[in-house]
Amino acid sequence: MKQNNQKYKAFIIFLTPILVLIASTLFFYIGYSPEGRTNNGQLIDPPIDLSALKIEGLKDEFPGRWTVIHFLNTPCKENCWNSLYKTRQVNIRLGRDAERVGRYLLISSSYNLSPQETAKLTKEYPRLELFRILEEDIPQEIIKDSYILFDPLGNGILIYSPDLPGGELLEDLKKVLQNSK
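Take any residue in the sequence shown, note its place counting from 1, add 22, and you have its number in this note's numbering.
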């Protein structure tokens, strides 16, 4: 009886890795994969090339740091100001890593900022860099008041809707900053 029990245990030990291999192969060929993702923004595929945007006044289209870019082609309403505020607060919450993340506002050449908007931007958002962009160069992926995260090589990889909580952008930025040290 004891020997039968030992054979049974040996058989189970021998069979376990084989069953795992068979199950994983089946899952692979069936196409089953986890649905989860680790980023909160929507992945842009193919990525947007920053150098292709022809930004007026930008000296280096590969800034060497992560960059959050807003696009403005109409007057900045509540959602727009909320997005700018959110990204400023996220940048502050990054602490010592805040210098590794730039923030740009690309203003369409067909739109001129009002004096009130200019005053508010310079007073409340001093670290936000303002540039001009031709209307036709604004990427098609942009929905009103959304913003894009660009990597240090100038590739727009994630787009964020204006109603997404700032904490989710913060999570993504912390993740990419940690992995790109």
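Every residue gets a Cβ at the ideal spot worked out from N, C-alpha and C, and that includes glycine.
Collapsing the DSSP output to three states places E163 in coil. Only exposed fits Y30, as fewer than 16 other CB atoms lie within 10 angstroms of its CB. Spatial neighbours of S130 in its own chain (CB-CB distance under 7 Å, excluding positions within 5 residues in sequence) are listed in chain order as L94, N95, I155, E157 and I160.
Secondary structure note for T89: its beta strand (DSSP E) is the uninterrupted segment W88 to L94. Assignment of D185 by DSSP, reduced to helix, strand and coil, places it in the coil class. Judged by DSSP in its simplified three-state form, I77 adopts coil rather than helix or strand. Of the other Cβ atoms in all chains shown, fewer than 16 fall within 10 Å of the Cβ of S73; this residue is therefore exposed. Every alpha helix (DSSP H) of 4 residues or more that sits fully in the stretch 106-176 is shown, in chain order, as 137-146. For P69, the three-state secondary structure derived from DSSP is strand.
Segment contact: the stretch 146-154 against the stretch 33-49, fewer than three CB-CB distances shorter than 8 Å; contact not assigned. Distances from the alpha-carbon of N201 to those of I181, P187, S183 and P174 put P174 closest.
Taking C-alpha positions only, H92 is separated from K203 by approximately 25 Å. Distances from the CA of N61 to each of L171, N177 and G176 were compared; the closest alpha carbon is that of L171.
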